[in-house]
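In full-length UniProt numbering, the protein residues as written are 1 to 273.
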């Protein structure tokens with residue numbers, strides 16, 4: 001019998017664990033099996049980490065697409081932190097870097113309009129027949145000492161140049177985590193709702209200049225994220241609410257039984273009149 005592939009086994013294990021702790025689970029697997037580190041970091045979407053650009057004094061988001069070893073490239077300074085040797089060879093070309101700067105400015109406005117806070121980062125890189133990139137958005141809230149929530153969206157796209165048009169492939173991943181310890185109201189108990197959702201889309205759009213790419217990608221990201229947000233709200237949250245409502249009752253069972261007996265007695269009295 002052939003032995004299972006270690007990477008497949010690791011991915012299967014991660015799918016069965018709490019998505020909120022994916023980063024910690026990946027670190028533990030990498031410490032046990034170091035040769036899987038690169039493949040796991042490329043294959044698994046984890047909640048986005050935040051770093052501060054030492055040169056521009058601004059926060060940016062970290063992912064596998066702006067990473068080289070243990071260093072991460074800032075979208076503001078276009079420099080790796082910590083610095084790496086031969087870093088110039090893996091930086092985007094001058095044309096793609098100009099688009100990257102404009103894209104960061106555009107999605108910073110998008111972030112403020114839709115999320116009213118949080119952090120956004122955009123990274124682009126060259127490809128033989130076009131370019132590719134990723135749009136990262138993160139919003140974390142702590143409305144109370146005993147509750148928390150975070151939204152991480154990762155939009156990875158490829159743009160293939162055509163005559164007066166461009167073909168785009170977009171893969172969007174949303175990682176959502178909501179939690180409450182229940183200490184504020186022991187009757188409510190604790191809650192942990194975490195998970196991720198992935199959607200893909202391919203579209204063709206007209207292109208006049210490099211600015212058109214930013215507009216086209218922006219529309220696709222906005223549409224895809226809106227659809228995923230509505231899906232989470234209407235399907236997943238709605239279904240979870242129905243299930244919890246059927247399985248859990250805040251009043252004691254004795255009180256619920258007493259209420260049902262009272263209701264039956266009232267119906268019986270009304271029927272006998």
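All residues carry an ideal CB built from backbone N, CA and C; glycine is no exception.
query = From this set, 34, 260, 128 and 196, which residue's C-alpha is nearest residue 17's C-alpha?
reply = Considering only alpha carbons, the answer is 196.
ask   = For the region 215–265, which segments carrying the alpha helix (DSSP H) assignment without a break, of at least 4 residues, lie completely within its bounds, in sequence order?
value = If one requires a minimum length of 4 residues, the alpha helix (DSSP H) runs lying completely within the region 215–265 are 238–247, in chain order.
message = List, from N- to C-terminal side, the beta strand (DSSP E) runs of 3 residues or more that fit wholly inside the region 130–216.
response = As summarised for the region 130–216, the continuous beta strand (DSSP E) elements at least 3 residues long and confined to that stretch are 130–144, 147–161, 165–180 and 191–206, given in chain order.
message = Check this for me: beta carbons of residue 138 and residue 232, under 7 Å apart or not?
response = Cβ atoms of residue 138 and residue 232: not closer than 7 Å.
message = According to DSSP, simplified to helix, strand and coil, what is residue 1?
response = Because the pLDDT at residue 1 is just 42, under 50, the model does not fix this residue reliably, and the point stays unresolved.
task = Quick one: give me the first and last residue of the beta strand (DSSP E) that residue 70 is part of.
result = It is not in any beta strand (DSSP E) - residue 70 carries neither H nor E in the DSSP assignment.
key: Contact test: residue 165 Cβ vs the ligand ATP heavy atom, cutoff 6 Å   = The ligand ATP is not part of this structure, which contains no ligands at all.
query = Counting along the chain, where does the alpha helix (DSSP H) carrying residue 30 start and finish?
reply = Where residue 30 is concerned, the enclosing alpha helix (DSSP H) stretches over 22–32.
request  = Pair every Cβ in the region 206–217 with every Cβ in the region 226–240, then say whether three or more of these pairs are closer than 8 Å.
outcome  = Inter-segment contact for the region 206–217 and the region 226–240 is absent: fewer than three beta-carbon pairs are separated by less than 8 Å.
message = Please classify residue 32 as buried or exposed, where buried requires at least 16 other C-beta atoms within 10 Å of its C-beta.
response = A residue is called buried when at least 16 other Cβ atoms come within 10 angstroms of its Cβ; residue 32 does not meet this threshold and is exposed.
key: Between the CA atoms of residue 166 and residue 204 - distance to the nearest angstrom   = Within the model, the alpha-carbon separation for residue 204 versus residue 166 is close to 6 Å.
inquiry  = Contact between the region 33–46 and the region 126–137 is defined here as three or more beta-carbon pairs at a separation below 8 Å; is this criterion met?
reply    = Not touching, per the Cβ criterion.
task = Quick one: give me the first and last residue of the alpha helix (DSSP H) that residue 43 is part of.
result = Residue 43 -> alpha helix (DSSP H) spans 37–43.
key: Buried versus exposed, by CB contacts within 10 Å (16 or more), residue 274   = A query on residue 274 cannot be resolved here, the shown segment of the chain reaching from 1 to 273 and no further.
query = Just checking my contact of residue 152 with residue 175 at CB under 8 Å: how many whole Å lie between their CB atoms?
reply = Sure, about 4 Å apart at Cβ, within 8 Å.
inquiry  = So the candidates are 261, 58 and 73; which of them puts its Cα closest to the Cα of residue 64?
reply    = Ranking 261, 58 and 73 by Cα distance to residue 64 puts 73 first.
message = Just to confirm, is the Cβ distance from residue 179 to residue 148 under 7 Å?
response = In this structure, residue 179 places its C-beta atom within 7 Å of the C-beta atom of residue 148.
task = In the DSSP assignment, find the beta strand (DSSP E) that holds residue 122 and state where it starts and stops.
result = From DSSP, the beta strand (DSSP E) with residue 122 extends over 119–127.
query = Which residue or residues does DSSP assign as beta-bridge partners of residue 80?
reply = Paired residues: 73.
key: From 181, 155, 202 and 163, residue whose alpha carbon lies closest to that of residue 169   = Ranking 181, 155, 202 and 163 by Cα distance to residue 169 puts 202 first.
ask   = Under the three-state reduction of DSSP, which class applies to residue 61: helix, strand or coil?
value = Correct three-state label for residue 61: strand.
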